[in-house]
């Protein structure tokens, strides 16, 4: 807006800044609450009134990764002293780490769900961005009959509610044995992200001047060589931004994962809420699992900050 | 960079004539994607279109019987389904209006010289990037009547958010507003910063009041981009599933996606749910169509 001139405008400006700060704090409060609960001792997670000041603990993370059972009797002195530091933290909480017959620590369901999320999100991102970049180039540089209709078709496949697509996919996957497999989820997420990748990448490629390739063609490059040696390097930023968006979408996806997986290939989003089943959930463990799960996305958001507008609007608005 | 590559090339090379034709490359680049999307998006939809005319149940071995349009007729005559649509409409209105008011409001506040503006904007955008299901779950703790931070911060005592049937839908919408106001804010900011400064200067010279400036300059110029945000959020809110499903199990929060999920995967009325899915699909395609038409109109300007 115009430069501040009068006293009145200066006051308005100051008030605006203060309000922005307060609003930012309110918006971040739920995220702060997740982060702080992840470091609370269990008995402080659900107190009346809520506990705000406390000594942080690492025990929720130990509990997050290990399978535990209730202690019937407190551990003997030797047992407690022989245990490594992290196992003592579990003892302190009135539980013990479950070990196999050979004494190996049993893991909770979380690490495998986290790995599943990584596998599915990374593979589907690579596939969607790979195919999407080629297709975007095709749409950007060549005349395609019925281009607008095709692009609308591509977009509309992404706009459907997940449950609508999931019903037939579930039946088809059941017929070919793809339910609860990594491959099944990877295909679904690739299809879901592909349309997004085409739309976003088309915008990025549209911005690369055609003259670059034309000059290369004149100099004897084939169209293929021009694409790989000139267009791809120029589009690197766009490809990276698109990839991060696809990764976040696949990483966060819930409905497909809920319907299509239940154990082997289950990702973190359906797993984390399933911990709040019956009885009193241990919110510190849920918070620590949530925090680890949110961390990659938070980091990516900062890396992406200059492309958020474009990505979130399907490339409709560029800056 | 490009020139460096070019100079290494033999100008007499006949690579161009040896390469694939443009037509072949175009087909090679586009057709696999189209085929992939047809196989994994369109084919399943045709498959469920077929089932929507049957009484098929995926939980039983009984063969599917063709029932014609019976499923569609039953659904459209079912007052409970209409109730689910009404709940969805209420949810869409509350959450989209909330997001526009909060998002546009914050954008107006942010649209000035503020120290650390970039950092603040990024922080404000964080909620919309996070997983709805996982963060939504945590709002259960925030909303808890006795040890939730919301009641404590607002001094509401033991106010029931999620277990009160009349309040639950608004509580879900409130979480949605928290998550997605940043989206409206992001788009509004882009619109606001594109308003030419000289218009404000001219208005100031004419001694126009801030009320007049806002309604005659700011709003009309930001309107197209704000409209994009509104249509986009309407579409998303109409499809909503994760938040409402995770936060509550009240009948008053059973939006259409949840009804569809229950019909398909808990009651196993597969044929019927395929028909309902088609009704929803047609509605979504209609909104998407409006969205794309509008987008193209905005782009042309």
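Protein chains in written order, with the numbering used here: chain A, 1 to 319; chain B, 320 to 620. We put the CB at the ideal spot given by N, CA and C, even for glycine.
Assigned secondary structure, residue i (DSSP; H/G/I helix, E/B strand, else coil)
{"i": "residue 99 of chain A", "result": "strand"}
{"i": "residue 324 of chain A", "result": "Here chain A comprises residues numbered 1 to 319, so residue 324 of chain A is not present and cannot be evaluated."}
{"i": "residue 185 of chain A", "result": "helix"}
{"i": "residue 275 of chain A", "result": "coil"}
{"i": "residue 107 of chain A", "result": "strand"}
{"i": "residue 266 of chain A", "result": "coil"}
{"i": "residue 76 of chain A", "result": "coil"}
{"i": "residue 247 of chain A", "result": "helix"}
{"i": "residue 2 of chain A", "result": "Low per-residue confidence applies at residue 2 of chain A: pLDDT is 48, beneath 50, and the placement is therefore not dependable, though the value from the model is reported in the following sentence. In the structure shown, residue 2 of chain A sits in coil (DSSP, three-state: anything other than H, G, I, E or B)."}
{"i": "residue 567 of chain B", "result": "coil"}
{"i": "residue 477 of chain B", "result": "coil"}
{"i": "residue 55 of chain A", "result": "coil"}
{"i": "residue 314 of chain A", "result": "coil"}
{"i": "residue 375 of chain B", "result": "coil"}
{"i": "residue 142 of chain A", "result": "coil"}
{"i": "residue 385 of chain B", "result": "strand"}
{"i": "residue 177 of chain A", "result": "coil"}
{"i": "residue 209 of chain A", "result": "coil"}
{"i": "residue 588 of chain B", "result": "coil"}
{"i": "residue 192 of chain A", "result": "helix"}
{"i": "residue 597 of chain B", "result": "helix"}
Any C-beta of chain D under 9 Å from that of residue i
{"i": "residue 361 of chain B", "result": "As a matter of chain content, chain D is missing from the structure shown, whose protein chains are A and B."}
Contact set for residue i: own chain, Cβ-Cβ below 8 Å, skip 5 residues either direction
{"i": "residue 231 of chain A", "result": "137, 205, 208, 212 and 213"}
{"i": "residue 302 of chain A", "result": "none"}
{"i": "residue 210 of chain A", "result": "141"}
{"i": "residue 553 of chain B", "result": "411, 415 and 606"}
CB-CB length for residue i against residue j, believed under 8 Å
{"i": "residue 573 of chain B", "j": "residue 403 of chain B", "result": "6 Å"}
{"i": "residue 249 of chain A", "j": "residue 306 of chain A", "result": "In fact, because the Cβ distance is near 19 Å, the residues do not count as touching under 8 Å."}
{"i": "residue 593 of chain B", "j": "residue 167 of chain A", "result": "6 Å"}
{"i": "residue 433 of chain B", "j": "residue 12 of chain A", "result": "Their Cβ separation, rounded to whole angstroms, is 13 Å, which puts residue 433 of chain B and residue 12 of chain A out of contact at 8 Å."}
{"i": "residue 96 of chain A", "j": "residue 74 of chain A", "result": "Their Cβ separation, rounded to whole angstroms, is 10 Å, which puts residue 96 of chain A and residue 74 of chain A out of contact at 8 Å."}
{"i": "residue 610 of chain B", "j": "residue 536 of chain B", "result": "Not confirmed; about 26 Å, so no contact."}
{"i": "residue 599 of chain B", "j": "residue 161 of chain A", "result": "6 Å"}
{"i": "residue 607 of chain B", "j": "residue 159 of chain A", "result": "5 Å"}
{"i": "residue 108 of chain A", "j": "residue 153 of chain A", "result": "About 43 Å separates the two Cβ atoms, so there is no contact after all."}
{"i": "residue 508 of chain B", "j": "residue 377 of chain B", "result": "Contact flag wrong, Cβ pair sits at about 47 Å."}
{"i": "residue 397 of chain B", "j": "residue 384 of chain B", "result": "Rounded, the Cβ-Cβ distance is 20 Å, inconsistent with contact."}
Residues of its chain near residue i, where Cβ-Cβ distance is below 7 Å and the 5 sequence neighbours each way are ignored
{"i": "residue 457 of chain B", "result": "none"}
{"i": "residue 134 of chain A", "result": "none"}
{"i": "residue 336 of chain B", "result": "Note that residue 336 of chain B scores a pLDDT of 48, beneath 50, so its modelled location is shaky; the value from the coordinates is reported in the next line. Same-chain partners within the cutoff: there are none."}
{"i": "residue 281 of chain A", "result": "275"}
{"i": "residue 467 of chain B", "result": "460 and 461"}
{"i": "residue 120 of chain A", "result": "182, 185, 186, 189, 250 and 267"}
{"i": "residue 408 of chain B", "result": "none"}
{"i": "residue 86 of chain A", "result": "62"}
Start-to-end residues for the beta strand (DSSP E) that takes in residue i
{"i": "residue 42 of chain A", "result": "No beta strand (DSSP E) holds residue 42 of chain A; the alpha helix (DSSP H) holding it covers 42-45."}
{"i": "residue 389 of chain B", "result": "That residue, residue 389 of chain B, is in no beta strand (DSSP E); its alpha helix (DSSP H) goes 389-396."}
{"i": "residue 320 of chain A", "result": "Residue 320 of chain A falls outside the range modelled here, since chain A spans only 1 to 319, and no answer is possible."}
Unbroken alpha helix (DSSP H) run spanning residue i, endpoints
{"i": "residue 223 of chain A", "result": "223-226"}
{"i": "residue 230 of chain A", "result": "Element bounds for residue 230 of chain A: n/a, residue is neither H nor E."}
{"i": "residue 351 of chain B", "result": "341-356"}
{"i": "residue 285 of chain A", "result": "283-304"}
{"i": "residue 307 of chain A", "result": "Residue 307 of chain A -> no alpha helix (DSSP H), and no H or E assigned at all."}
{"i": "residue 546 of chain B", "result": "538-558"}
{"i": "residue 508 of chain B", "result": "487-512"}
{"i": "residue 446 of chain B", "result": "436-448"}
{"i": "residue 578 of chain B", "result": "575-584"}
{"i": "residue 13 of chain A", "result": "7-37"}
{"i": "residue 531 of chain B", "result": "529-532"}
{"i": "residue 522 of chain B", "result": "516-524"}
{"i": "residue 452 of chain B", "result": "451-461"}
Cutoff 6 Å; reference residue i; Cβ partners in own chain excluding five residues on either side
{"i": "residue 180 of chain A", "result": "261, 262, 264 and 265"}
{"i": "residue 244 of chain A", "result": "300 and 304"}
{"i": "residue 151 of chain A", "result": "none"}
Taking a Cβ distance cut-off of 7 Å, strictly less, list which residues of the segment 552-563 of chain B are near chain A, in chain order.
-> 554, 558, 560 and 561
Closer than 9 Å, Cβ to Cβ, to anything on chain A: give me those residues from the segment 400-433 of chain B, in chain order.
-> 421, 424, 425, 427, 428, 429, 430, 431, 432 and 433
Residues of the segment 18-35 of chain A whose Cβ lies closer than 7 Å to any Cβ of chain B, in chain order | 19, 20, 23, 24, 27, 28, 30, 31, 33 and 34
Below 9 Å between beta carbons is the criterion; list the residues of the segment 449-467 of chain B that meet it against any residue of chain A, in chain order.
-> 449, 450, 451, 452, 453, 454, 455, 456, 457, 458, 459, 460, 461, 463, 465, 466 and 467
Check each residue of the segment 562-586 of chain B: if its Cβ is closer than 7 Å to any Cβ of chain A, include it; give the result in chain order.
-> 565, 576, 579, 580, 583 and 584
In the segment 275-302 of chain A, which residues sit with their C-beta less than 8 Å from some C-beta in chain B, listed in chain order?
-> 276, 283, 286, 287, 290, 293, 294, 297, 298, 300, 301 and 302
Looking at chain A, which residues of the segment 486-500 of chain B have a Cβ within less than 9 Å of any of its Cβ atoms?
-> 494, 497 and 500
Interface residues of the segment 436-450 of chain B facing chain A [CB-CB below 8 Å] | 437, 439, 440, 441, 442, 443, 444, 445, 446, 447, 448, 449 and 450
Short-range partners of chain B found in the segment 136-147 of chain A, where Cβ spacing is below 9 Å | 136, 137, 138, 139, 141, 142, 143 and 144
Contact list for the segment 354-380 of chain B against chain A, Cβ threshold 7 Å | 355, 356, 359, 360, 363, 364, 366, 367 and 377
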